[in-house]
Amino acid sequence: MTCCTAGTEQGTFEEFAGYWQHLIDGCSEPTFFDSLTWQKLWWSEFGANSELKLLAVRSDSGDIKMIAPLMIDGSEISFLGSTDLVDYHDFLSTDHSAAGSLEAIARAVDEMPGVKSINLQSIPGNSATITKFREFAEKFGWNVEIRQEDVAPRLALPESWDAYLASLRRKDRHELRRKLRRLEAAGEIRQIELTRPDDIDAAMDAFMALLRMSTAGKAEFMTADRERFFRSVAVALAHENATRLAFLEIDGEKVATSLSFVCRDVRYLYNSGYNPAQSSLSAGLLNHAFTIQRSIEEGLRVFDFMRGNESYKYHLGGVDRAVFALTATRQVGS
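One gets my numbering by counting positions in the sequence shown from 1 and adding 7 to each.
This is the structure in structure tokens:
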């Protein structure tokens, strides 16, 4: 590890590995994006043209109390990971207000002469980073702008499926029940969920096929490097019991799929696909409904639909949570 500025130091994944999970355990609501496994895999696949900047802040006792997973591309510093694959970003900290640590990170960035702009995307609306980092960046002479970047609907899970149905708007509840009856009349219905690394690895071809056939946009999105990343991270996080790969089958044929990750008591719906030939049966939406049912039975607290305002998320009870971006530029002469 090398000294970066007073109160901070720069290191590698290996040097900070011993502290990483401790910080996640101390976070109020970490996500799977925060995991060391995710960060290392993303960097190994997509970080070739950027400079890694892992910054840490130590407490008075010498323990690391914040890690800032950052990277520099040209004259811009940003969170590690781009919004095409990462829905939520933040600093890792055991201090929920984190004011002192955020000031140290802001000072460290300010003292990087080659950095002219800061681009912190995908910050959840309840994060102290939004207001506190702005305060300290402005203190050091930066022009800061905060804007709402997107919404990320999520669902507070009740204790039972019946309670979930009762929580839906009357029209949505009626439509969901009608679609379930129609699906049940179409043949033998089964939803399977895979969690073991070997099973997930073997089923990723089927997942990719359904994702690509869903829409032209998803087919275009799933480039070779993204597919490679999806496959590696799904299996790697399965070794940590975080991956959930679900398939909806009609008469033994896989017609819809979803890839989710569980962190603590939250299930994050990362990506999904379905066979358009079964769109009249609402196969994609109902696969999500069955996944919500599984999450309730598993005792999870929240089902997070992730970024984007697709209508099905609201039909299934999702409520928007704002996601913000903080951008900053150096003042001329500073």
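For every residue, glycine included, the Cβ atom is placed at its ideal position computed from N, Cα and C. In this text the structure is predicted, and so the values were computed from the model without any measurement.
CB of residue i within 8 Å of CB of residue j, strictly
i, j, result
"Ile31", "Leu92", "no"
"Asp157", "Val330", "yes"
"Leu59", "Trp45", "no"
"Asp102", "Ser134", "no"
"Val352", "Ala111", "With the chain covering 8 to 341 only, the question about residue 352 has no answer from this structure."
"Leu164", "Leu307", "yes"
"Val240", "Arg251", "no"
Rounded separation between residue i and residue j - CA only
i, j, result
"Val262", "Ser289", "10 Å"
"Leu162", "Glu305", "15 Å"
"Glu21", "Asn248", "22 Å"
"Ala13", "Phe254", "Since pLDDT at Ala13 reaches only 49, below the 50 mark, its modelled position is unreliable, and no value is offered."
"Thr19", "Ser57", "14 Å"
"Glu256", "Thr298", "13 Å"
"Asp80", "Gln28", "27 Å"
"Glu200", "Gly54", "32 Å"
"Gln17", "Lys72", "14 Å"
"Thr15", "Gln155", "29 Å"
"Ala243", "Phe236", "10 Å"
"Ser221", "Ser42", "29 Å"
"Lys47", "Lys320", "30 Å"
"Ala231", "Phe40", "21 Å"
Opposing strand residues paired with residue i [DSSP bridges]
i, result
"Met78", "Leu59, Ser85"
"Arg154", "Ala332"
"Leu92", "Paired residues: none, contrary to the question."
Inter-residue CB distance, residue i and residue j (contact presumed, cutoff 8 Å)
i, j, result
"Leu276", "Ser267", "5 Å"
"Phe310", "Ser302", "5 Å"
"Tyr95", "Thr38", "5 Å"
"Val326", "Pro160", "6 Å"
"Leu217", "Gly259", "Leu217 to Gly259, Cβ: 15 Å. No contact."
Practice task
For the region 115 to 127 and the region 326 to 338, state whether three or more C-beta atom pairs, one from each stretch, are separated by less than 8 Å.
Solution key: yes
Handout entry: the region 219 to 228 in contact with the region 171 to 180 per 3-pair CB rule at 8 Å
Key = With a cut-off of 8 Å, the region 171 to 180 and the region 219 to 228 do not count as touching, because too few Cβ pairs lie within range.
Exercise for the section: Report yes or no: do three or more beta-carbon pairs, one from the region 181 to 196 and one from the region 206 to 218, lie closer than 8 Å? Expected result: A contact between stretches requires three or more CB pairs, one per stretch, nearer than 8 Å, and the region 181 to 196 fails this requirement with the region 206 to 218.
Exercise for the section: Please confirm if the region 182 to 189 is in contact with the region 201 to 208, defined as three or more CB-CB distances below 8 Å between the two stretches. Expected result: no
Practice task
Answer yes if the region 138 to 150 comes into contact with the region 70 to 88, meaning at least three C-beta pairs across the two stretches below 8 Å, and no otherwise.
Solution key: no
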